[in-house]
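Reading the sequence shown from the start, the letters are residues 1 to 535 in UniProt numbering.
For every residue, glycine included, the Cβ atom is placed at its ideal position computed from N, Cα and C.
Since we're looking at a predicted model, the values are computed, not measured.
For reference, the structure is listed below as structure tokens.
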Amino acid sequence: MPPRTTTTANSLERRLLQDIAEIQQDPYPNVHLHFDDADIRKACVILTPQDQDPLHLTIVFQEDYPLQAPVVTIQTVVVHPNVIGGTYICASMLNTDEAWTPAYTLKGVVIQLLSFFCSESLEQDHGGEKIDLAEYRRHVGDLGARYPRSRHFQAYECRKCGFGLGWAPTRPDEDGNGAATPNELSSDEHTTPSPTQSKLFELPDELILLIISSLETRDVINFSDAVPGLKTLVRSYDFIRMRELQCFCLKKSFMDTQLGIGVAISGGYRPVFRSEFDLLSQEAFEQHRVRRSIQGVLFDKWLPLPLSRRHWNQVRAMAAARLRDIHGFAQMANQEPGYVDVLYHFMNTIVVQFSTDSQKGWGRADSRSTLSHASEKAVEAYFSLYHLLLCLATEDAATVAGANRIVNRFISGPRTKTQFPDLGHVLVAALISDAGMTANLTLLIIKEAILRNVVWMLDAKGAGYTELAYLEPSHISEYRLSKTFEASPTSYRLLMFLKLFSSAARPSGMRLAEIRDGLFETHGAPPPGTGVQNG
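Laid out in structure tokens, this is it:
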């Protein structure tokens, strides 16, 4: 890892402070934190599981948090199969690089710790054995190791947080929030609302959005559900999606940093590009060397996304350089203007993965991948890359000219696998070509797909329809039509999804610049309902 600079250290410290502020502003039930006055990287965590004694834990954030998990130990005596040596907590999230992700926040960590000690059963990482914790405690008791339930926590006292003999959970109104619950309001406070209309909505939209930006997302949604005018405002400004456009590691918004995605590359004659499409900042990739997705899937390179006009202006210069870097890393033989053939391969891979998963799951894909398991995420991934392709195509005539050449060569022929290894690339190129996806091109692609499946269809080790080698004298054979389709359902399913994705991406009658601008308005998200239609 490169040496830590002041800038990188500040980013990590800012992330820690952000995590602390989140849980202080929105505490989680049965979780109490007390930070060390002398060192903010140390804190006491008191968990109060229902019907159990309180537990005292200590959490220490290292200088490279959240790149590395915090160090968590337990001081309270507790009977638990995954508490070793009295203080060590054996939890994969805390102790393995594969299970930890910088996407975890402090709030997420303490919630998982609470669940860890509250659960009635525990599934072990090794062997998948499930342990009944109540039965485990009884077994320990039978062996003579007596751990009385009453007032365990008194055995440990903490001078920093006051945990010990007299400790009791702090009431909400003692935390300094000063917020009264509905039940605490006196009867005379339940008065009829004033008919005077709130002046909130007389403010400019920008100020209203600034005010609600301090609320949690769930509170914004509830507030907007209660106030139709606010709901319209939130939707028109794409407020919720904009809030989600942040680096999963540093939690920085696309307004404050350059965001993109990590790309895993399998190079060669037919390279394969994969991504979980978890937004990651260039800073996290370059300076903090983040190389795993939220699910722990490894990746090699980083590719910026447009997201908005302002963001595109910031990443435009690096987009071509990143595509060139990916192109070289994958050792791709051919080269399209602007290295957009990387996007042709990438977009085709998304549809192939989605199509195959719809049948039986893609065996070669990482089992931790989320992309192949949700149609909406696959469609969003496709449109994110398409948006980047549109931005490049509308600013470089050579890119469109290259797409036109691919389409024209395919129409003119020959159309063998030597000239066109993947028919999906032709479909993607057609998205930015002058003519778009025409009926003639669609028919030629279907014919070529059928021809390429002939050997497989007749081979006894393939589909095994050897009888189709005989050509009937009639022009139309219902049997041949039926068996030809049955022989290659995977290919036709893939073509179906490719056509569905293409049709949604390139509406008829719209210029490329119009489609690009529409995606800027939605911050790269597909048209509403596209994921459901394709799913």
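What does the alpha-carbon distance come out to for the pair residue i and residue j?
i, j, result
"residue 537", "Thr416", "The question about residue 537 has no answer, for the chain in this structure spans 1 to 535."
"Ser266", "Gln52", "51 Å"
"Ile111", "Tyr28", "8 Å"
"Ala398", "Pro527", "28 Å"
"Ala91", "Val109", "11 Å"
"residue 541", "Val220", "Lying outside 1 to 535, the shown extent of the chain, residue 541 is not represented and no answer is given."
"Asn222", "Lys107", "21 Å"
"Gly509", "His32", "59 Å"
"Phe201", "Met242", "21 Å"
"Leu495", "Thr484", "15 Å"
"Val227", "Val234", "11 Å"
"Ile294", "Leu17", "21 Å"
"Ile211", "Gly338", "42 Å"
"His152", "Asp37", "Reliability of the predicted coordinates at His152 is poor, the pLDDT of 45 falling under 50, and the value obtained from them is presented with this limitation in mind. Rounded to the nearest angstrom, the two C-alpha atoms are 27 Å apart."
"Ser186", "Leu215", "Interpretation of Ser186 is limited by its pLDDT of 45, a score under 50 that renders its predicted location unreliable; no figure is taken from the coordinates."
"Leu12", "Ile23", "17 Å"
"Lys461", "Pro414", "28 Å"
"Glu63", "Arg15", "11 Å"
"Gly166", "Ile46", "14 Å"
"residue 536", "Thr438", "Look at the range of the chain in this structure, 1 to 535, and you will see that residue 536 is not part of it."
"Val455", "Ala463", "9 Å"
"Ala43", "Asn313", "42 Å"
"Pro81", "Thr96", "18 Å"
"Ser503", "Glu514", "15 Å"
"Ser253", "Asp26", "20 Å"
"Gly518", "Ala378", "19 Å"
"residue 561", "Thr418", "Beyond the ends of the chain as shown, which are 1 and 535, falls residue 561; an answer cannot be given."
"Leu114", "Asp205", "40 Å"
"Pro421", "Met255", "40 Å"
"Arg322", "Ile411", "31 Å"
Check this for me: beta carbons of residue i and residue j, under 8 Å apart or not?
i, j, result
"Pro66", "Ile59", "no"
"Leu498", "Gly436", "no"
"His34", "Lys231", "no"
"Ile74", "Leu94", "no"
"Ser308", "Phe163", "no"
"Asp300", "Val263", "yes"
"Leu441", "Ala430", "yes"
"Thr105", "Asp19", "yes"
"Val72", "Ile89", "yes"
"Leu392", "Ala319", "yes"
"Ala487", "Tyr465", "yes"
Less than 8 Å between the CB atoms is what I'm expecting for residue i and residue j, so what's the real figure, rounded?
i, j, result
"Met347", "Val428", "5 Å"
"Gly260", "Leu303", "5 Å"
"Tyr386", "Ala525", "Not quite, the Cβ-Cβ distance comes to about 11 Å (not below 8 Å), so this is no contact."
"Leu389", "Ile432", "6 Å"
"Tyr382", "Ile406", "Actually they are not in contact, since the Cβ atoms of Tyr382 and Ile406 sit about 19 Å apart, beyond 8 Å."
"Thr394", "Arg480", "Not quite, the Cβ-Cβ distance comes to about 45 Å (not below 8 Å), so this is no contact."
"Gln258", "Val315", "5 Å"
"Cys118", "Gln68", "About 26 Å; that fails the 8 Å criterion."
With a CB to CB cut of under 7 Å and the five nearest residues on each side skipped, what residues in its chain are close to residue i?
i, result
"Arg41", "Val60 and Phe61"
"Thr8", "Gln287 and His288"
"Thr181", "At Thr181, the pLDDT of 38 sits below 50, so the modelled position is not reliable; the number obtained from the coordinates is stated separately. Answer for Thr181: no residue qualifies."
"Ala330", "Ile265, Gly267 and Pro271"
"Tyr344", "His425, Val428 and Ala429"
"Asn10", "none"
"Cys158", "Cys44, His56 and Gly164"
"Ala155", "Val77"
"Asn453", "Ala487, Ser488 and Ser491"
What does a CB cutoff of less than 6 Å around residue i pick up in its chain, not counting 5 residues either side in sequence?
i, result
"Asn183", "Confidence at Asn183 is low in this model, with a pLDDT of 44, below 50, so the placement of that residue is unreliable and no value is reported for it."
"Ser213", "none"
"Phe285", "Trp302"
"Ile203", "Ile is not the amino acid found at residue 203; the sequence shown has Leu there. Cβ within range, chain order: n/a, list empty."
"Ser384", "Leu305 and Gly524"
"Thr48", "Asn30, Pro54 and Pro169"
"Gly402", "Glu336 and Pro337"
"Ala103", "Phe248 and Ile294"
"His475", "none"
Who are the near neighbours of residue i in its chain, counting only those whose CB is closer than 8 Å to its CB and skipping five residues on each side?
i, result
"Gly328", "none"
"Gly296", "Glu98, Ala99, Thr101 and Arg368"
"Asp434", "Val400 and Asn404"
"Thr522", "Asp238 and Arg241"
"Thr87", "Thr73, Ile74 and Gln75"
| said: Under 8 Å, with one C-beta from each stretch per pair, do the segment 238-253 and the segment 275-282 reach the 3-pair mark? | reply: Counting Cβ pairs under 8 Å, three or more are found: they touch.
| If you pair each beta-carbon of the segment 480-499 with each one of the segment 444-452, do three or more pairs fall below 8 Å? | Because the criterion of three Cβ pairs below 8 Å is met, the segment 480-499 and the segment 444-452 touch.
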